[in-house]
Each structure stands twice: as C-alpha cells, then as structure tokens.
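Trainee: Structure provided below as structure tokens; questions to follow.
Protein chains: 2
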Amino acid sequence: MSDVEVGLSFQPLYRQAIELIVRRIALGEWRPGTLLPSEPRLAEQLGVSVGTIRKALQQLVLDGLVERRQGVGTFVATATRERSLFRFFKLVEDSGKRVMPGCEEIARESGPASAAERERLGLAARERVVRIRRLRTVDSQVMMIDDVVLPRSRFAGIESLEEPLPPTLYDFYEQRFGVTVLRVEERLGAIAAGEDDGKLLGVVPGAALLEIARVAFSFEDEPVELRSSRIQTGRYFYLSELS
Amino acid sequence: MSDVEVGLSFQPLYRQAIELIVRRIALGEWRPGTLLPSEPRLAEQLGVSVGTIRKALQQLVLDGLVERRQGVGTFVATATRERSLFRFFKLVEDSGKRVMPGCEEIARESGPASAAERERLGLAARERVVRIRRLRTVDSQVMMIDDVVLPRSRFAGIESLEEPLPPTLYDFYEQRFGVTVLRVEERLGAIAAGEDDGKLLGVVPGAALLEIARVAFSFEDEPVELRSSRIQTGRYFYLSELS
DNA sequence: TACAATTTGTGCGTATGTATA
DNA sequence: ATATACATACGCACAAATTGT
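Line by line, the protein sequences give chains A and B.
Heads up, the first sequence is in my numbering, so the first residue is 13 and it goes up one at a time.
Heads up, the second sequence is in my numbering, so the first residue is 13 and it goes up one at a time.
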C-alpha cells in the first residue's frame, strides 16, 4: 500500500481519490457531461489501483455527481430537464402520479438582500439579490406560487434577460451560469393564505397552504438559491420517502 | 465465474447473496441484534468468494438492514429508541435543532377497518384494526396529534395492554411483535384545524395545520402501520433533505 | 500491561462477462 | 469483427479495531 499520510488528517486512498475528482469537477475542469478518463487511466494518473478508483467512482455515483454506463464510460452528471424536474420536485396527485405543472413568470427584479436572505445565502452586507415570482399551473389552474431568490454575484445579468426563465431552473443554472445544485434542504410548514397569495391561487384568505422553504446547495455546501413555494393542497401532496 | 443461472431470472451472485440473507432476516431466523457469521463463513456457506459477500453486505448496510463494526462483526440492524426517533422523525425547530417531544396516550381501541384503511393496509374484508391517539407535547404544550392505525392480525393483543404504549413505537413493534419497519412513505399537506383538533392543539378552528399521512412498510413492501399526524407549525418544521 | 485471535476495512492484482461504439 | 469500457467475481496481503487471555 502506498503511504500517502497527510499530516494529521489521514484519509484512505479512495477518499483522497474522491476529493481529487470532486475538486476537478467543482473547479469546472470537468464540466457536466464530460467523459471522465477510464478506470485504468484514472488509476494511473492518481497512482492507485483500479479497484480503488472503482470504489471512489461508485461512491460518486451514490452522491449523484457522476453517471456510469457500461461499455461507454463515466460522465459528470448533468441536470437534464427530466431529472431536474423529478429529482427535487416531490409533489404528487392523490393517485401517486407525479405532477408536471406549467409555469408563468409574473415578476423578476433585482434588489438589496434582506438580513435573513444574506444570512441564509452567506452574503456580505449590501449585496444584491434577484427575486423571481412564478405561478405553477395544472389544467390552467394555479396550484403553486414560487418565489425564487438568487445572489446576483453568482447569476450575473439574470435580471435583465428578455425571455421568461425556463420552467426547470437547475439545468438552466448549470448551462447558463455554471452553477450546479447538488443538494436541497426543505422546511415544510402550514400557513394561512394572505390576501395576495389567496387571490393568485383562487382561495379565500386564511385558507391553509403548504409552504416549502428551500435552500439549494452547490459544492462545498455553498447556498446558491432560496425558494419559497406555497401550495394549495387537497389535490396535491408532498411525497417524502424515507428508509 | 460459477454458473448459477436460474432459469429466466438471472441475477449476479452478490444479488442472490443479498436475497438469501434478507430472506433469513425476514423469516426471523436472524433476528434484530443477531451477530451474522463472519465474511469467510458466509462465503463458505453460500459457495461464493469473500469479495462477493462483502459486496452484498455493503449493499445491506446502505439499505439499513445490517450494521458492521470493525473488529466485531456484522449485526442485523435493530430499531433502538434513539434511531427509532430520528430515523423517520423529521420535525425540527426554527434553529434546525431536532424536536424530542413528550407523549400522552389518550385513546386506544379496536374496531373494524374502513375501506380506505383496508386498501392501504392490504387487509381483507371484515378485518379489524387498532386505533391509537396520542398527543405529542413540547414544554407541556401540545404540538402534534398522532393517530396510529395497526392491523390487529400483526399486532395481536395490543389493544388490551394495560400500560400506555412507549413514545417510540418502532422499537416496540420490533421487540414485542416481531414487526420491522424498513421504510415509510409520507404525504404532506396543509389542512384547516377542525373543532376537535383545534381544542387539543389549542388553536382556533380553521387554523392551518401540517398533516403528515404516513404508511410504514416492512419486508416485501408489506404495509404494517398507518399514521396521521397533525402539527401546529410556526415553531416547528418538517425537514426534508434531498440529494 | 502485553499478546494473540478474530473481524472488518483498505488496497492490489487478475480474469472473465457484458454492453457499446 | 474489433476495441474499449464498465460489471462481476475471485484471490491475496496487510491495517485497524475489538475482544479475551
């Protein structure tokens, strides 16, 4: 076994391999969709055995960072529209069928970040954010209001794009701004509909809404998006599967 | 490679090993907490190499069915009170700290299963269920109402136990009835508090509540418990982490 | 305290099967 | 048909953790 002892923080070789590969992806050296070197090549480059590389890549598959196809190779995972939709979108109908809502953008503007936004996005004082409000519709009925908050620093110029943003944002973030969303945290609660939300959703003020407060994280657990969704449940549910 | 072709349904050796081990756990031959044979012994018993057994066991660790400790051995996973609490209990405070609520049982009775209950629990006509209602409290304030529905066939005699059931049920199910919960599905929505719930929770009727409708599954995806929780959010949130 | 036995964790190497271009 | 890539399966050696002597 090679000795790659690194001072106080010893790590197994396959962990070190994981970190090296993740770093090259995070730095943009291997962009989403890129074909990685084959197992023997990677092993040679890193000076470890093929088995060690295999173990590292298998872990990266579990983390969702790469995809492997037998006979083809290992690719950096991409946020396709399909996967972008269903990876983090957990709304289902009564029957259990996944909902695929339409989208209507009704506002987009830049402004100073609030204290709460600065804290949750890790922004410095006086940094600006872009706020986007969109209505999600099913059968031309509004079933959800989405409020997205983005740090302008990471999404430069997004506030002045002419066309409405596409329905699925994470593939758009990736292609347009090089921002990869790896993980989201959602806090769910119930709130009473306010005047505005009630009007948009077509419910009386005070009606019970499901609220999802999401923070999306990229590499190094950097928060890159805040999102608040308010949903008129009854026909739709948030499905959580735990094991 | 050994030929273990099984007619039309070929499976890799490590998959077959997984199935054999799972079966012995599901049948109760290896009960929770049991020390499994060592890797070499398992390999010998199943007639495969140690590496194949290792791959199988690693997958079972990911599935949460076994736990491995270096220098000691591999154990069938047990639903300890600790893990029973936090594995499927996703309520957190504003700060992100996990909530550890108290528990007060206020009703337990046997009755005929409704059509919906029969369907979701996979019961035959005229089968009976046991219904348990409990209040979950924080700082002597009721923050959640839990309604648990169990098939009497799997939990014989639970309706006539004298003492109130323990706060964490899944370890109790396991020790007392040999029922192992492997997975839960939860559907979350917002509802308006009714008269009864409002009184118990100390909120006005019509207030927004978070409702969690859970189905718990055991081996072979057999549903073994229904649970409906209604929560007064504001101070508490349901935390969902997706990656 | 020291030592030995046992068990899993890590790492290497090789051969063969299967899917893809 | 050939070459390439990942998937499966086998074997071995040593490290690290634990337990009992």
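Beta carbons are placed, not taken as given, at the ideal position from N, Cα and C, and that holds for glycine.
Here the structure is a predicted model, which is why all the values come from computation and not from measurement.
At 3 residues or longer, and completely inside the stretch 26-96 of chain B: list those beta strand (DSSP E) runs for me, N to C.
Mentor: Fully enclosed beta strand (DSSP E) runs of 3 or longer: 78-81 and 85-88.
Trainee: For Val196 of chain B, return the contacting residues in chain A, with the cut-off set at a CB-CB distance below 9 Å.
Mentor: The contacting residues are Ser252, Glu253, Leu254 and Ser255.
Trainee: Applying a beta-carbon distance threshold of less than 7 Å, which residues of chain A neighbour Thr334 of chain B?
Mentor: Given a span of 13 to 255 for chain B in the structure shown, any question on residue 334 of chain B remains unanswerable.
Trainee: On the criterion of 16 or more Cβ atoms from any shown chain inside 10 Å, does Leu74 of chain B qualify as buried, or is it exposed?
Mentor: Under this definition Leu74 of chain B is an exposed residue.
Trainee: Mapping the DSSP letters down to three states, classify Ala127 of chain A as helix, strand or coil.
Mentor: DSSP places Ala127 of chain A in helix when its eight states are reduced to three.
Trainee: Rounded to whole angstroms, what's the CA-CA distance from Tyr248 of chain B to Arg81 of chain A? Just pull it up for me.
Mentor: Computed Cα separation, rounded: 43 Å.
Trainee: Going along chain B, which residues have a C-beta under 7 Å from Thr245 of chain A?
Mentor: In chain order: Gly201 and Ala202.
Trainee: For Phe98 of chain A, which residues in chain B fall below 9 Å Cβ to Cβ?
Mentor: Result: empty, since nearest Cβ-Cβ is about 11 Å, beyond 9 Å.
Trainee: Go ahead and pull the three-state DSSP assignment for Phe229 of chain A.
Mentor: In this structure, Phe229 of chain A counts as strand in the three-state DSSP scheme.
Trainee: At what residues does the beta strand (DSSP E) containing Tyr185 of chain B begin and finish?
Mentor: Counting along the chain, Tyr185 of chain B falls outside any beta strand (DSSP E), and DSSP gives it neither H nor E.
Trainee: Residues of chain B with CB under 7 Å from Gly218 of chain A, in chain order?
Mentor: Result: Gly218.
Trainee: Rounded to a whole number of angstroms, what is the C-alpha to C-alpha distance between Arg110 of chain A and Lys102 of chain A?
Mentor: Approximately 8 Å, taken between the alpha carbons.
Trainee: Is it buried or exposed for Gly19 of chain B, if we count other Cβ within 10 angstroms and need 16 for buried?
Mentor: Confidence at Gly19 of chain B is low in this model, with a pLDDT of 42, below 50, so the placement of that residue is unreliable and no value is reported for it.
Trainee: Mind checking which residues open and close the beta strand (DSSP E) that includes Glu253 of chain B?
Mentor: Tyr248 to Leu254 is the span of the beta strand (DSSP E), which, as asked, contains Glu253 of chain B.
Trainee: Taking all protein chains shown into account, decide if Arg148 of chain B is buried (16 or more other Cβ within 10 angstroms of its Cβ) or exposed.
Mentor: With 16 or more Cβ atoms within 10 Å of its Cβ, Arg148 of chain B is classed as buried.
Trainee: Within the same chain, show all residues whose beta-carbon is closer than 6 Å to that of Leu133 of chain B, passing over the 5 residues directly before and after it, in chain order.
Mentor: So the list reads Pro163 and Pro235, once near-sequence residues are dropped.
Trainee: Can you check whether the CB of Glu121 of chain A is closer than 8 Å to the CB of Glu171 of chain A?
Mentor: Result yes, Cβ atoms of Glu171 of chain A and Glu121 of chain A sit closer than 8 Å.
Trainee: Quick check: Ser241 of chain A and Val193 of chain A, are their CB atoms within less than 8 Å of each other?
Mentor: No, they are not a contact pair.
Trainee: So, Ala220 of chain B versus Ala204 of chain B, is the Cβ gap smaller than 8 Å?
Mentor: The answer is yes: Cβ separation under 8 Å.
Trainee: Count the other C-beta atoms from every protein chain shown that fall within 10 angstroms of the C-beta of Pro44 of chain A, then say buried if there are 16 or more, exposed otherwise.
Mentor: When all chains shown are included, Pro44 of chain A counts as buried.
Trainee: Which residues, in order along the stretch 61-89 of chain A, keep a beta-carbon less than 9 Å from a beta-carbon of chain B?
Mentor: For the stretch 61-89 of chain A, which is checked against every Cβ of chain B, the residues closer than 9 Å are Leu74, Asp75 and Gly76.
Trainee: Quick one: residues in its chain with C-beta nearer than 7 Å to the C-beta of Gly201 of chain B, no 5 flanking neighbours on either side, listed in chain order?
Mentor: If we look at Gly201 of chain B and ignore the five residues flanking it on each side, its Cβ neighbours are Glu223.
Trainee: Have a look at Thr46 of chain B and Arg226 of chain B and give me their C-alpha separation to the nearest angstrom.
Mentor: Thr46 of chain B and Arg226 of chain B: Cα-Cα distance of roughly 29 Å.
Trainee: Whose C-alpha, out of B:Glu31, B:Glu197, B:Ala125 and B:Val142, is nearest the C-alpha of Ala136 of chain B?
Mentor: Measuring from the Cα of Ala136 of chain B, the nearest candidate turns out to be B:Ala125.
Trainee: Using beta carbons (cut-off 8 Å, strictly below), is Phe249 of chain A in contact with chain B?
Mentor: It does; some Cβ of chain B falls within 8 Å.
Trainee: Would you say Leu135 of chain A faces chain B, with C-beta separation under 8 Å as the test?
Mentor: Closer than 8 Å: no.
Trainee: Taking Cβ positions, are Arg145 of chain A and Ile157 of chain A nearer each other than 8 Å?
Mentor: Result yes, Cβ atoms of Arg145 of chain A and Ile157 of chain A sit closer than 8 Å.
Trainee: Using a cut-off of 9 Å between C-beta atoms, extract the partners of Leu221 of chain A located in chain B.
Mentor: Within chain B, the residues near Leu221 of chain A are Ala202 and Ala220.
Trainee: Say whether the stretch 48-56 of chain A touches the stretch 83-101 of chain A, bearing in mind that this needs 3 or more beta-carbon pairs closer than 8 Å, one atom from each stretch.
Mentor: Contact between the stretch 48-56 of chain A and the stretch 83-101 of chain A is present, because at least three Cβ pairs lie under 8 Å.
Trainee: Between the C-alpha atoms of Glu186 of chain A and Thr90 of chain A, what's the straight-line distance to the nearest angstrom?
Mentor: Whole-angstrom Cα-Cα distance: 8 Å.
Trainee: Can you tell which of A:Gln70, A:Phe189 and A:Val150 has its C-alpha closest to the C-alpha of Gly40 of chain A?
Mentor: Residue A:Phe189 is the option with its Cα nearest to Gly40 of chain A.
Trainee: Given a cut-off of 8 Å on the beta-carbon distance, is the pair Leu77 of chain A and Val34 of chain A in contact?
Mentor: Yes, they are a contact pair.
Trainee: Starting from the Cα of Met155 of chain B, find the closest Cα among B:Glu198, B:Pro178, B:Gly246 and B:Ala119 and give me that residue.
Mentor: Measuring from the Cα of Met155 of chain B, the nearest candidate turns out to be B:Gly246.
Trainee: Could you tell me if Glu207 of chain B is buried or exposed, where buried requires 16 or more neighbouring beta carbons within 10 angstroms of its beta carbon?
Mentor: By the 10 Å Cβ count, Glu207 of chain B comes out exposed.
Trainee: Buried or exposed for Lys67 of chain A, please, with buried defined as at least 16 other CB atoms from any protein chain shown within 10 angstroms of its CB.
Mentor: Its Cβ being crowded by 16 or more others within 10 Å, Lys67 of chain A is buried.
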